[in-house]
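Per the working numbering, the very first residue in the sequence shown carries number 40; after that it's consecutive. Cβ coordinates follow ideal geometry from the N, Cα and C atoms, glycine included. Remarks on the structure that follows.
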Amino acid sequence: MVSRTAAFVIDGVDAVTVTVEADLRPGLPSFSVVGMPDRAVTEARERVRAAIANSGFDFPLRRLVVNLAPAGLRKEGPALDLAIAGAVLAASGQLPEGALDGVALFAELSLDGRLQPCRGALAAAEGARREGTGRLVAAPASALEASLVSGLQAVALGHLSRLAGAVGGSWHEPLPPAPPRAEDGLPDLSDVRGHALAVEALVTAAAGGHNLLMVGPPGTGKTMLARRLPGILPSLTEAEALEVTRIQGVAGIGPGGALTRARPFRAPHHSVSASGLVGGGAVPTPGEATLAHRGVLFLDELSEFSRPALEALRVPLEEGELTVTRGQRTVRLPASFALVAATNPCPCGRGEESCRCTEADLARHGRRLSGPLLDRLDLLVRVERPSSAALAGPAGTTSEAEAERVGRARERQLERSGCPNALLPVGRLGEARCSAAAAEELTRAYDAGALSARGRDRALRVARTIADLRGADEVAGQDVAGALAYRHDVATPAVR
Numbered sequence: 040m041v042s043r044t045a046a047f048v049i050d051g052v053d054a055v056t057v058t059v060e061a062d063l064r065p066g067l068p069s070f071s072v073v074g075m076p077d078r079a080v081t082e083a084r085e086r087v088r089a090a091i092a093n094s095g096f097d098f099p100l101r102r103l104v105v106n107l108a109p110a111g112l113r114k115e116g117p118a119l120d121l122a123i124a125g126a127v128l129a130a131s132g133q134l135p136e137g138a139l140d141g142v143a144l145f146a147e148l149s150l151d152g153r154l155q156p157c158r159g160a161l162a163a164a165e166g167a168r169r170e171g172t173g174r175l176v177a178a179p180a181s182a183l184e185a186s187l188v189s190g191l192q193a194v195a196l197g198h199l200s201r202l203a204g205a206v207g208g209s210w211h212e213p214l215p216p217a218p219p220r221a222e223d224g225l226p227d228l229s230d231v232r233g234h235a236l237a238v239e240a241l242v243t244a245a246a247g248g249h250n251l252l253m254v255g256p257p258g259t260g261k262t263m264l265a266r267r268l269p270g271i272l273p274s275l276t277e278a279e280a281l282e283v284t285r286i287q288g289v290a291g292i293g294p295g296g297a298l299t300r301a302r303p304f305r306a307p308h309h310s311v312s313a314s315g316l317v318g319g320g321a322v323p324t325p326g327e328a329t330l331a332h333r334g335v336l337f338l339d340e341l342s343e344f345s346r347p348a349l350e351a352l353r354v355p356l357e358e359g360e361l362t363v364t365r366g367q368r369t370v371r372l373p374a375s376f377a378l379v380a381a382t383n384p385c386p387c388g389r390g391e392e393s394c395r396c397t398e399a400d401l402a403r404h405g406r407r408l409s410g411p412l413l414d415r416l417d418l419l420v421r422v423e424r425p426s427s428a429a430l431a432g433p434a435g436t437t438s439e440a441e442a443e444r445v446g447r448a449r450e451r452q453l454e455r456s457g458c459p460n461a462l463l464p465v466g467r468l469g470e471a472r473c474s475a476a477a478a479e480e481l482t483r484a485y486d487a488g489a490l491s492a493r494g495r496d497r498a499l500r501v502a503r504t505i506a507d508l509r510g511a512d513e514v515a516g517q518d519v520a521g522a523l524a525y526r527h528d529v530a531t532p533a534v535r
């Protein structure tokens, strides 16, 4: 007798449907799993055998073959345990006929039959809804996460012995309570003194989703400014919140059972490898760029990052996604983020007045950042040492006030184009609506060689954001001048 049930494995940050088939035939007792299983799936044979025996069922003493389709997809992780056990029980007649129809199973099994949560429950739930599956049976913690997806019944099951009732709809465990929502406690822009220009650049980056590079000596406030960016970013939409929560769930860093409402802010150490930054490994997994999707990737001490790691960012900065290939397997990972970077002007970091670096040191420092990477940065701002009078002066603008400005500007962009200005495709840059003076200013800068073709497009997007911040329908010459000022020396930030 052959039985079938649906399950899911995680591929990148998405769930792929796997059909689990079990076939029982007369013969010497054996248990084999085919269909490109990895080591964890192969070891599931012993977990499933023990869980079935310890849950009051009889493990069939016949020739048992479990097939995982499609056979060409490598199956990884323990999330197929419950589906394999369910298929075995159905094939041996210990579950009612048709009990697994319209049901997907997603859980790891302990030897005593208890269900354990697996990473990627939200992705599995979205996959089940996509396939038209009505119910997803999972461990309680995973079921709570899966319940965030509408149009699907997430069934919590704590022990394999109650599988028949769970798939039949006659019994289910109550979902565990959702975790308490963490208090924001974000630092406020009012703490920043003496950096009005840098604060305005930060607001511009937040409003349009632009990339920002801050250059200045150590201790001048670059990291302080970057840490205050999340406090002025617009909240995630419902669709974006589901997407971010799914990515975090696959990575095992999500809140578990609650939607992530704040935009991600990732700040990897400069020792991170290229695969750690953009994703990869023998089993392609999301890197920092994907974990920062829909949010901010902050690279402090930019010049200290390895050249391969920085060069790997060129594709996601341009396309908003990554393609990771390992062997014959290709995984696409979302990576649409705003890059905020900070670097010292020279190796000693003392600044122009007391710099001790030689010309060779400066040249070596500048070569750490390639021209193509810098050309993908929209804004550059110098963060100099503030005066003692500025530090002792009154507090600056608040995050609440700037968040309102950012929100109004972002609303204008979404109403006009359906996306932030930074994501506006080249073919739709005509929607920026430039005045004659603005177009002339931009053309003059391009003809003078101050901008590449890519830099021209990015400057226009920034100018459109500056106009949105002041509530203007048309990009004026002053907006283009402001955008060009932000790109001044963008190719040579390490020169005094």
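Under 9 angstroms between C-beta atoms of residue i and residue j
i, j, result
"residue 176", "residue 143", "yes"
"residue 382", "residue 412", "no"
"residue 264", "residue 283", "no"
"residue 228", "residue 295", "no"
"residue 422", "residue 247", "no"
"residue 330", "residue 161", "no"
"residue 474", "residue 429", "no"
"residue 250", "residue 356", "yes"
"residue 245", "residue 377", "yes"
"residue 337", "residue 316", "no"
"residue 174", "residue 127", "no"
"residue 45", "residue 172", "yes"
"residue 483", "residue 513", "no"
"residue 510", "residue 451", "yes"
Under the three-state DSSP convention, the category residue i falls into
i, result
"residue 460", "helix"
"residue 168", "helix"
"residue 522", "helix"
"residue 297", "coil"
"residue 534", "Summary for residue 534: the model assigns pLDDT 40, below 50, so the residue's position carries little reliability; its value from the coordinates is reported in the next sentence. Residue state, collapsed to three classes: coil."
"residue 302", "coil"
"residue 397", "coil"
"residue 238", "helix"
"residue 599", "Examination of residue 599 is not possible in this model, given that the chain is present from 40 through 535 alone."
"residue 233", "coil"
"residue 496", "helix"
"residue 268", "coil"
"residue 326", "coil"
"residue 263", "helix"
"residue 77", "coil"
"residue 276", "coil"
"residue 491", "coil"
"residue 52", "coil"
"residue 63", "strand"
Sequence-distant residues of its chain with Cβ nearer than 8 angstroms to residue i (five each side left out)
i, result
"residue 55", "47, 48, 49, 112, 166"
"residue 520", "480"
"residue 524", "none"
"residue 320", "314, 365"
"residue 110", "73, 74, 75"
"residue 325", "51, 52, 286, 289, 290, 318, 372"
"residue 225", "267, 269, 270, 438"
"residue 369", "362, 363"
Beta-carbon proximity list for residue i, same chain, < 6 angstroms, skipping 5 on both sides
i, result
"residue 151", "93"
"residue 40", "63, 130"
"residue 457", "none"
"residue 530", "Here the model assigns residue 530 a pLDDT of 44, short of 50, so the residue's position is not dependable, and the following value carries that caveat. The residues are 410, 413."
"residue 88", "98"
"residue 491", "414"
"residue 433", "none"
Cross-strand partners of residue i (DSSP beta bridge)
i, result
"residue 473", "514"
"residue 319", "324"
"residue 382", "254"
"residue 155", "147"
"residue 43", "60"
Chain-order list of residues whose beta-carbon lies under 7 angstroms from that of residue i (same chain, five-residue window excluded)
i, result
"residue 522", "498, 501, 502, 505"
"residue 210", "201, 204"
"residue 168", "188, 190, 191"
"residue 69", "102, 103"
"residue 212", "179, 195, 196, 197"
"residue 404", "342, 385, 386, 533"
"residue 120", "83, 86, 87, 146, 147, 148"
"residue 395", "387, 389"
Any non-hydrogen atom of the ligand ZN within 8 angstroms of residue i CB
i, result
"residue 297", "Looking for the ligand ZN in the displayed structure turns up nothing, as the structure carries no ligands at all."
| field | Residue ranges of each beta strand (DSSP E) within the region 91 to 138, 3 or longer | value | 102 to 108
| query | Which residue spans inside the region 409 to 445 form an unbroken alpha helix (DSSP H) run of at least 4? | reply | 410 to 413, 427 to 431
| message | Please give me, in chain order, every unbroken run of the alpha helix (DSSP H) with length at least 4 that falls completely inside the region 329 to 372. | response | 346 to 350, 353 to 358
| Can you list, in chain order, the stretches of the beta strand (DSSP E) that have 3 or more residues and sit fully within the region 173 to 218? | 174 to 177, 192 to 195
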